[in-house]
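First the structure, in the form of C-alpha cells, and then the observations on it.
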Amino acid sequence: MSLFSMKITELPKIGPKTATLYERLGVHSVGELIRMYPRTYEDLSNPVSISEAQSGETVCIKAHIVGNNPPVRVRGGMIIYKITVSDDESQMTITFFNQQYMYDKLKYGGEFLFYGVFKKNINNFEMASPVVLSTESDAIIHPIYKQTGTLTSRKIEVAMREALKCLPEKTNDPIPENIREEFGLCSLDFAIRNIHFPADIKALETAKKRLTFEELLVLQLGMIFRKNSVKKETPHKITQDFTEDFYKLLSFSPTSAQKRAISECILDMKTDKPMTRLVQGDVGSGKTAVGAACCYTAVKNGLQCAFMAPTELLATQHYNSLCQLFENSGINIALLTGSLTAAKKRAVYSALKSGEVDIAVGTHALFSKGVEFNRLGLIITDEQHRFGVAQRAELLEKGESPHLLVMSATPIPRTLALMIFGDLDLSILDELPPGRQKISTYLIDSTIRPRALNFMKKHINNGNQCYIVCPLVEENDTNMASVEEYAERLKDTALGSCRIAVLHGKMKTSKKDEIMTEFKNGNIDVLVSTTVIEVGVDVPNAVIMMIENAERFGLSQLHQLRGRVGRGTVKSHCILVSDAQNEGTLERLKIMCKTNDGFKLADEDLRMRGPGDFFGSRQHGLPDLKIAGLSSMVSINDAKEAAEMIIADDPTLSEKQHKPLAFEVKRLFSSVGGTLN
138 MSLFSMKITE LPKIGPKTAT LYERLGVHSV GELIRMYPRT YEDLSNPVSI
188 SEAQSGETVC IKAHIVGNNP PVRVRGGMII YKITVSDDES QMTITFFNQQ
238 YMYDKLKYGG EFLFYGVFKK NINNFEMASP VVLSTESDAI IHPIYKQTGT
288 LTSRKIEVAM REALKCLPEK TNDPIPENIR EEFGLCSLDF AIRNIHFPAD
338 IKALETAKKR LTFEELLVLQ LGMIFRKNSV KKETPHKITQ DFTEDFYKLL
388 SFSPTSAQKR AISECILDMK TDKPMTRLVQ GDVGSGKTAV GAACCYTAVK
438 NGLQCAFMAP TELLATQHYN SLCQLFENSG INIALLTGSL TAAKKRAVYS
488 ALKSGEVDIA VGTHALFSKG VEFNRLGLII TDEQHRFGVA QRAELLEKGE
538 SPHLLVMSAT PIPRTLALMI FGDLDLSILD ELPPGRQKIS TYLIDSTIRP
588 RALNFMKKHI NNGNQCYIVC PLVEENDTNM ASVEEYAERL KDTALGSCRI
638 AVLHGKMKTS KKDEIMTEFK NGNIDVLVST TVIEVGVDVP NAVIMMIENA
688 ERFGLSQLHQ LRGRVGRGTV KSHCILVSDA QNEGTLERLK IMCKTNDGFK
738 LADEDLRMRG PGDFFGSRQH GLPDLKIAGL SSMVSINDAK EAAEMIIADD
788 PTLSEKQHKP LAFEVKRLFS SVGGTLN
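Just so we're aligned, residue 138 is where the sequence shown starts under my numbering, counting upward by one.
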C-alpha cells in the first residue's frame with residue numbers, strides 16, 4: 138500500500154482533532170508527513186567554548202553544572218531558576234522560567250549541551266531557556282518543523298519517527314539508477330531518513346542535494362509535459378506579417394528589444410503549433426506595445442484576440458490605449474468587466490459571438506460562462522503572476538488551440554524563469570524606451586521622516602501627487618501602523634492639509650477602482666496604500682513614493698512598487714524608510730539606491746535570499762516545492778539536463794523504471810489543480 142493512501146490517523150496518538158491540525162500544514166497521509174521536511178535545524182554537532190561565542194548568536198555550548206541558585210518567585214507568580222555552568226575555562230548563567238523539571242534535571246557535575254541565544258553582559262555570560270540535550274544524545278542535529286496551534290515541532294518529531302517505521306525495506310526510488318550515478322545522488326531511503334534525523338552534517342547535505350534535485354527534476358518534467366500538451370496543431374496559423382504597418386501607428390520608435398520580441402511572437406504564430414510565449418520585461422519596458430503588435434497582425438489575419446488584465450482599472454487602461462492606437466485602423470475593440478450592466482454585457486457577448494468585435498479587453502469576466510468567441514486566435518494575459526494556471530486554462534478553452542502570449546513585469550533571473558515558466562518560450566525586454574525617467578532612491582530611518590514629508594509637500598504644492606506604502610492593513614503586535622492609522626497620523630504632519638486617501642486589499646474591488654480612478658484624475662494628493670498598488674494604472678503625475686518598513690519587502694517587490702512613479706516628465710523619487718539594524722538587511726536596501734535595473738535586483742535577491750522566495754510564490758501557478766529553496770542554483774541546471782535525458786529516452790515516462798517518476802510528477806502538479814497528459 139502506498140504511504141500516500143495511508144491516513145495520518147493510522148499513526149499512534151493521532152486522532153481526528155490532531156489530524157485537523159496536520160491538515161492545516163497540508164498533511165493528510167503518512168506519505169505527505171514524511172515529505173514535510175524540517176524548516177530548519179538545531180545544529181548541536183559543533184559546540185563552541187563560552188569565550189569563543191559571539192553575543193546575539195545562536196550557539197551550542199558543552200558545559201557541566203557547577204552551581205544551582207535557589208529559585209526566585211517574581212511578580213505574577215513566575216519562578217526563575219538560575220544555574221551556573223562551566224566549560225573549564227569560563228562560566229555562564231543558564232536561566233529558565235517556570236521550568237522546575239529542567240532545574241531538577243540539571244544536577245551538579247552533570248555535563249550537557251546547551252543550544253540557544255548567547256549573550257555577553259559586562260560581568261556575565263548568559264543563555265535563557267536553551268534546548269538542553271545529553272552529550273550522549275543521538276539527536277545532535279535536531280529537526281525543527283513548521284508548527285500550527287497546539288501541534289508543536291516536538292509532537293511532529295515524535296510522529297515522524299513513527300512514520301519512518303512505515304517505510305518499506307526497499308523504497309521505490311523515482312530517480313532511475315543511471316541518473317543517480319550521473320549526478321552523484323544518494324538513494325531515496327537514505328535521503329528521507331537523513332533529512333529528518335541526520336547522522337551528521339555531511340549526511341544532511343547529501344540528503345538535501347538529493348531531495349532538491351528530485352523536486353526540481355519532477356517540476357521540470359511536469360513543465361515539459363504541460364508544454365507538450367498544449368502544442369497541438371492550431372487552425373490559427375497566420376500567413377502575413379503586418380508588423381511594419383503597426384509601427385506606422387506608433388508615435389514613438391520601438392526599442393530593438395521590443396522589435397525582437399514582436400518578431401519572435403510573429404514567427405511562433407506562423408507555425409502549425411500555437412504560440413506559448415512569455416514576454417518578460419522590467420517596469421516600463423513596453424510590454425503592452427508588444428501585445429498590441431501581436432493583436433494587430435492577428436486581427437489583420439482574420440483572428441479575434443482576448444487581452445486579459447488582473448483589475449478592472451488596468452483593463453480599462455489597456456482598452457483606452459488600444460482604442461487610441463487603433464483609432465483609424467478598422468479594428469473593433471470591446472471592454473468586458475464584471476461591473477458592466479447586464480445589458481452591456483449581453484451586447485458584448487453578442488458582438489463577440491458574431492465576430493463583430495476583433496479585440497476583447499477585460500478581466501476574469503472574459504472566461505465567464507456566457508462568453509463565446511467567433512474565431513479566438515490569440516490570448517494575451519498581462520501581469521501573469523496575478524493569474525493562476527487554472528484561469529489561463531479556462532480562457533484557452535474559449536478557442537480552438539489559440540496562440541498564447543503571457544506578459545510579466547516581475548523580473549526573474551533567466552535560469553529561474555525557465556523553471557517557473559518552463560511551459561512557455563521566453564522573450565526578454567532588456568532595455569527601456571527613450572525618455573523613461575530614472576527614479577532616484579534614498580534610504581532613511583524614521584528620524585528623517587519629517588523632512589521626507591516636507592519634501593513631498595513641496596511637490597504637492599507644485600501640483601504633483603505621492604504614494605505612501607505600508608506593509609500591513611491592521612495594527613498588530615509589531616507596532617507597525619495600519620494604513621488607516623497611518624493616514625490619520627498624517628493630519629498632524631506637513632501633509633495635514635493635503636487630500637489623503639487609503640487603499641488596501643480588504644476593500645471591495647469597486648471601491649479600490651473608485652479610489653484609483655480619483656487618484657489618476659488628480660483628486661487625491663497622497664494615496665496611503667498596501668502593496669495592492671504594485672500592479673496598477675499609470676499615474677504620470679505621481680512623482681514620489683515613500684515605502685515604510687522597507688525591510689519587510691524583497692528587492693523585486695520594492696522595485697515593482699517603485700515602478701508606480703517615474704511615468705511622467707517630472708523627476709521622480711522613491712524613499713525607503715527602515716529602522717533595521719541588521720547589516721545584511723541594510724546592504725540589501727542600499728542596492729535599491731544603486732540601480733534601477735530590475736534584473737540586477739532580481740539576481741541580488743536570488744543571491745541574498747535564495748530561490749525559495751521565487752519558488753514559494755503560488756501566484757505563478759507553480760506547485761508548492763518543499764525543499765528547493767534550500768539548495769544552490771546548480772541543482773536547477775542539473776535537473777533540467779536530467780529531465781531532457783529522461784524525456785529523450787522515454788517521452789511519456791511509461792517504461793517501468795520511470796513509472797515512480799511519473800507518479801511524482803502527477804502528485805506534485807495536483808497541488809495546483811493541474812492536469813498533465
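Glycine included, each C-beta is placed from N, C-alpha and C at the ideal position. What you are looking at is a predicted structure, and each value in this text was computed from that prediction instead of being measured.
Own chain residues within Cβ distance below 7 Å of residue i, not counting five before or after
{"i": "Thr177", "result": "Ile281"}
{"i": "Pro570", "result": "Phe389, Thr392 and Gly423"}
{"i": "Leu632", "result": "Leu590, Met593, Lys594 and Val663"}
{"i": "Asp378", "result": "Ile403 and Thr434"}
Residue closest to residue i, alpha-carbon to alpha-carbon, out of the options
{"i": "Pro372", "options": "Cys402, Gly536 and Phe320", "result": "Gly536"}
{"i": "Lys307", "options": "Thr380, Leu726, Arg586 and Ser139", "result": "Ser139"}
{"i": "Phe141", "options": "Met173, Lys396, Lys283 and Asn206", "result": "Met173"}
{"i": "Val246", "options": "Leu270, Gly204, Val209 and Gln602", "result": "Note on identity: in this sequence residue 246 is Gly, with Val being the wrong assignment. Of Leu270, Gly204, Val209 and Gln602, the residue nearest in Cα terms is Gly204."}
{"i": "Ile278", "options": "Lys302, Gln236 and Cys197", "result": "Cys197"}
{"i": "Ile605", "options": "Val702, Gly428 and Glu464", "result": "Val702"}
{"i": "Phe350", "options": "Pro788, Asn719, Asp775 and Glu781", "result": "Asp775"}
{"i": "Val167", "options": "Asp382, Cys303 and Ser192", "result": "Cys303"}
{"i": "Phe262", "options": "Lys219, Thr434, Val295 and Ser182", "result": "Lys219"}
{"i": "Lys292", "options": "Met215, Leu148, Ala687 and Met412", "result": "Leu148"}
{"i": "Pro335", "options": "Leu181, Met143 and Gln237", "result": "Leu181"}
{"i": "Phe234", "options": "Asp225, Ser266, Lys244 and Phe249", "result": "Ser266"}
{"i": "Asn511", "options": "Leu489, Ile517, Val665 and Phe736", "result": "Leu489"}
{"i": "Gly700", "options": "Gln574, Arg586 and Asn183", "result": "Gln574"}
{"i": "Ser619", "options": "Asp629, Lys643, Lys242 and Cys603", "result": "Lys643"}
{"i": "Glu370", "options": "Arg689, Ala739, His540 and Leu162", "result": "His540"}
{"i": "Ala502", "options": "Tyr486, Glu493 and Val494", "result": "Tyr486"}
Span separating the alpha-carbon of residue i from that of residue j
{"i": "Leu798", "j": "Leu790", "result": "7 Å"}
{"i": "Thr272", "j": "Val222", "result": "14 Å"}
{"i": "Ile217", "j": "Ser324", "result": "48 Å"}
{"i": "Val714", "j": "Leu723", "result": "11 Å"}
{"i": "Asn719", "j": "Ser188", "result": "23 Å"}
{"i": "Leu726", "j": "Ile784", "result": "43 Å"}
{"i": "Asp382", "j": "Ser466", "result": "10 Å"}
{"i": "Pro348", "j": "Glu319", "result": "The question names Pro, but residue 348 in the sequence shown is Leu. The alpha-carbon atoms of Leu348 and Glu319 are separated by roughly 15 Å."}
{"i": "Leu580", "j": "Met653", "result": "27 Å"}
{"i": "Ala717", "j": "Ser577", "result": "21 Å"}
{"i": "Ile202", "j": "Tyr240", "result": "11 Å"}
Below-8 Å beta-carbon distance, residue i vs any chain B residue
{"i": "Leu387", "result": "In the displayed structure, chain B is absent; only one protein chain is listed."}
Beta-carbon proximity list for residue i, same chain, < 6 Å, skipping 5 on both sides
{"i": "Ala344", "result": "Ala328, Asn331 and Ile332"}
{"i": "Val416", "result": "Ala398, Lys424, Val427, Met544 and Ser564"}
{"i": "Thr146", "result": "Ala156"}
Where residue i falls, given that 16 or more other Cβ within 10 Å makes a residue buried
{"i": "Gln395", "result": "buried"}
{"i": "Pro153", "result": "exposed"}
{"i": "Cys730", "result": "exposed"}
{"i": "Asn733", "result": "buried"}
{"i": "Val355", "result": "buried"}
{"i": "Arg212", "result": "exposed"}
{"i": "Ile259", "result": "exposed"}
{"i": "Ala443", "result": "buried"}
{"i": "Tyr238", "result": "exposed"}
{"i": "Gly428", "result": "buried"}
{"i": "Ala480", "result": "exposed"}
{"i": "Asp419", "result": "buried"}
{"i": "Lys628", "result": "exposed"}
{"i": "Arg414", "result": "buried"}
{"i": "Leu387", "result": "exposed"}
{"i": "Met215", "result": "exposed"}
{"i": "Thr667", "result": "buried"}
{"i": "Gly439", "result": "exposed"}
{"i": "Gly735", "result": "buried"}
8 Å Cβ shell around residue i - same chain, five flanking residues per side excluded
{"i": "Glu568", "result": "Thr392, Ser393, Ala394 and Ser422"}
{"i": "Met264", "result": "Ile198, Met229, Thr230, Ile231, Thr232, Phe251, Gly253, Val254, Phe255 and Lys256"}
{"i": "Asp310", "result": "Arg317, Ser324, Leu325, Asp326 and Pro797"}
{"i": "Glu741", "result": "Leu692, Arg725 and Ile728"}
{"i": "Ser186", "result": "Ile198, Asp224, Glu226 and Ser227"}
{"i": "Ser772", "result": "Lys346, Thr349, Phe350, Leu353 and Ala765"}
Near the ligand SAH: residue i beta-carbon under 7 Å from a heavy atom
{"i": "Asp734", "result": "Here there are no bound small molecules, and the ligand SAH is not part of this structure."}
Are three or more beta carbon pairs between the stretch 444–464 and the stretch 483–499 nearer than 8 Å? yes
Are the stretch 697–710 and the stretch 671–686 touching by the rule of at least three beta carbon pairs closer than 8 Å? yes
Please determine if the stretch 286–298 and the stretch 152–166 are in contact, where contact requires at least 3 C-beta pairs separated by less than 8 Å. yes
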